[in-house]
Each structure stands twice: as structure tokens, then as C-alpha cells.
Amino acid sequence: MTDVLVSFAWIAAASLLAPILAFLTGKRVPAVVFLIFLGVLIGPYGLELAQDGDAIELLRELGLGMLFLLAGLEISPSLLKSKEGGHALATWMLCALLSFGGAVALTGGDVGVAIVLAIALTSTALGTLLPILKQSGLTDTSVGNSVLIHGAIGELGPVLAMAVLLSTRSTWTTAVLLLAFFAIALLIALLPRTVRAVVPVVGWAIRDGAGSTNQTIIRSIVLALAVLMAVAAVFELDVVLGAFAAGIILREIVPAENRHGLESQLEVMGYGLLIPTFFVVSGMDIDTSVVIEQPWFLLAIPVLILVTRGLPVFLREMWTPTGSDLSGWREKLQVSLYSATGLPIIVAVTGIAVNSELIGDEEASLLVAGGALTVLVFPLLASAVGPSRKEADASSTADAEAEDDISLANEDATR
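The UniProt record's numbering applies: residue 1 is where the sequence shown begins, and numbers increase by one.
And the structure:
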């Protein structure tokens, strides 16, 4: 237990130091990058100050779950059903097919490894991007909404692909288990209203304890997250699927007027402890000797991700009417760069692949390190190519003037 506490103390120190370092860079480098770097530094392949045992691994899994819960909480099903959502799905499927074909050719026909690479190269780190978008003031903008849509598809698609294509069971058995999982998720979604209707005193007790030291609503959410992650684990599906489903369910059952306050409480718990722990421990798992021995392979991974994920998004936005409100090539390039930012799914899929002996620890380390590079480089590039402050102000002024003209026209029509 002493070793675990010492390791956790170093992880906590890294979690605090990372945002301080990010602040010193003017927030140009996301704190996530420093979390991973510090994890490498303190981990078994660095200074050996912290070790990854069972207790730390549990915290890591809970951090991954909280990351995807918050990502699911941001996703509006109406956005996914929109024209832009349909185009985002088609774009991701195109990315996956192209990546799979290229990976089959590169691996000499190894379908299992090709599936792993296709999933890793076409994912989007929506949970990682959310704080970056908020810091950049892009939430509730055309760029932010497009990133949310592409990010949702770029997380949900790979998660389902992992469950179906990387399962050790037959396809039909996996399909049945997926249906059973979604049935349980639906049951959990309907449970709060059912309990309130059948046993009203339970609803009264939960509301009464919501703002006290009991924090009954937060505990209910943690229970739902734990149950769905546990069900996914028992069914030998990835726990990410359970966490993502919990976030989407939470968005649907919580009234819109209460969502912001609840999200703030979850962010305190998630970003205060669990999520930074996930990123630090992910950094601890990177074998630095492999990265040093194969630097060109490492640098090639972000390029491959950009070509297989970012480029198709950019070309689709440029050449086809996707239904987005993106106004120019700069915003479309921004969205493509953000869409090519991937890490949590890469961590998840490489973990499954290593356990299934599809790839080795060395290849997993390189893929995770390459994913970390996308988190460092692509948001910086997206910020650099975005519309200048002058252009943004001009666009905002034009939109405001257009709204004023519409309002005046409506008033004249009313008279």
C-alpha cells in the first residue's frame, strides 16, 4: 500500500504541475500534453518514481470513463440526426475504409492489425478537445458545433468498431451482447422516472440530499457510470462504450435548465482527480526506449492520422454541402485539424490489441506517443490557421447587423 500511495502522490503532483506549465506557455500547449509528458517522466520508463499497479489502474479506468461520460454529456442526439451529422458519419466511414485498406497493404494482409490501425487512425479525442474548445472560446460557434459532431462520430464509431471487430467471440454473439447492453442502458435511462412514479419517497429523498453532504444526484450518476462500465466489462466490450452511453443517457434525462450546474459538479470530480490521472498513467505506459529507437516511425503517426482523418474531413467540407455553417477555408481547416486529434481511443484500442496479442507493447507505445503528438500539434495548428481576431469581429458585427435588419423587418411587418 505504501508504494501505491507514493505513486499516487507523484501522479497528483504531475496533475497539478501540468496546468501551471500550460499557463506559462500562454495556454498554447494544452495541459493534457504536459500530463502525458510528466507521466513519462515519473513512470517506470523514466525516473521510476511511480509504478502502475492494480489500484492505479482502477483510477485510470475511472478517469477514462469520466472523460467519455463528459463527452457523451456534450452530444445532442438532434445534432447527430442532422444533415451535418449524416455527412460526418459518411466521412468517418470513408476514413475507416481508406485506413483499413492502406493498413492491410502495409501489414502484408494482417487483417487484425489493420483493424487496430484503422480504428486508431480515424478516432477523434472529443473528451480531450472539450477543455481546449472552451479555453479558445469556440463553444457554441460554427467551428465548435462541427467539432462536436465530427468528434462524436469519431468516438462512437471507433467504440462500436472495437466492440464488434476486435471481439474474440463470433460476430453474432457480439451483436447479441451489444443488443443486451443497449437494452440495459435503456432500462437505466427509464429507471429514474419509473422509480419516482412507483416509489415517490425515493425521488423526494434524492432531491432532498442533492445539495447536502449526501450529494445523492452525483452518487446516482456515479452508480450509473459504474454499472454501465461493469456491464461492458462483463460482456467483454470496452468500458468506454459504457461510459459514453452513460453520458448520452444523462443528457437526455436531466432537464436543460439543470444541466449546466450538474456538468460543473461532474467536471470538478473529473478534471480535479480522475481525468488527469488517466492521462498521467497513460504517459507512464509509454516505453521511451522504443520511441527513441524509432523516432521516424513516431513522427509518421501524426502524419498518417492527418491524412486518413483530417484530410477527408477538410475535402468533404470544401467540396460538398455538408450542412455546416462554416464560412471559409480557415474554419474548415480548423475543424479538420481538431477532428484529427486523437488519444483516448488510441489508448483503449492499443490496450485491447496488446491483450489480444495483435500487437506488442512496443507498437502500442509508439501509437500512444503518436496520439499524444496530435494533441500537442493539431490544436496549435488549428488555433494558428483560425480566422484572425479582426475577421472574427467583422463576422460577428455582420451577423449582429443581419439580426437587427431581420428584427426591424419583422416590426415593420407587424405594423
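Built from N, CA and C at the ideal position, the CB exists for glycine as well.
As the structure is a computational prediction, the values presented were derived from the model and not from experiment.
Spanning the alpha carbons of Arg330 and Ala300 requires a straight line of approximately 25 Å. Classified as exposed, Glu48 has fewer than 16 neighbouring CB atoms from the shown chains inside 10 Å of its CB.
When C-alpha distances from Leu187 are compared across His150, Ile346 and Val227, the shortest belongs to Val227. Under the three-state reduction of DSSP, Pro379 is assigned to helix.
Around the CB of Thr171, fewer than 16 other CB atoms lie within 10 Å, so the residue is classed as exposed.
Cβ contact annotation for Val240 (same chain, cutoff 7 Å, sequence separation greater than five): Leu64, Phe68, Val159 and Ala348, in chain order.
Assignment of Arg259 by DSSP, reduced to helix, strand and coil, places it in the helix class. Straight across, the Cα-Cα distance linking Leu24 with Val290 is about 30 Å. By the C-beta criterion, the stretch 333-348 is judged to be in contact with the stretch 303-312, since at least 3 inter-stretch pairs fall below 8 Å. The stretch 84-103 makes contact with the stretch 146-156: 3 or more CB pairs, one atom from each, lie closer than 8 Å. Only residues of its own chain outside the window of five on either side were considered, and among them Pro131 have a CB closer than 8 Å to the CB of Tyr271, listed in chain order. In the DSSP assignment, Asp54 falls within the alpha helix (DSSP H) that extends over Asp54 to Leu73. Judged by DSSP in its simplified three-state form, Asp285 adopts coil rather than helix or strand. In this structure, Met284 is the residue among Met284, Arg196 and Val268 with its C-alpha nearest to the C-alpha of Ala372. Excluding its 5 nearest sequence neighbours in each direction, Leu304 has C-beta neighbours in its own chain below 7 Å: Leu121, listed in chain order.
Selection Thr128, Leu106 and Ser123 evaluated against Ala161 yields Ser123 as nearest (Cα-Cα). Boundaries cannot be given for Lys27, as no alpha helix (DSSP H) includes it and DSSP labels it neither H nor E. For the pair Ala125 and Ala175, the Cα-to-Cα distance works out to about 26 Å. The C-beta distance from Val281 to Gly39 rounds to 6 Å, short enough to fall under 8 Å.
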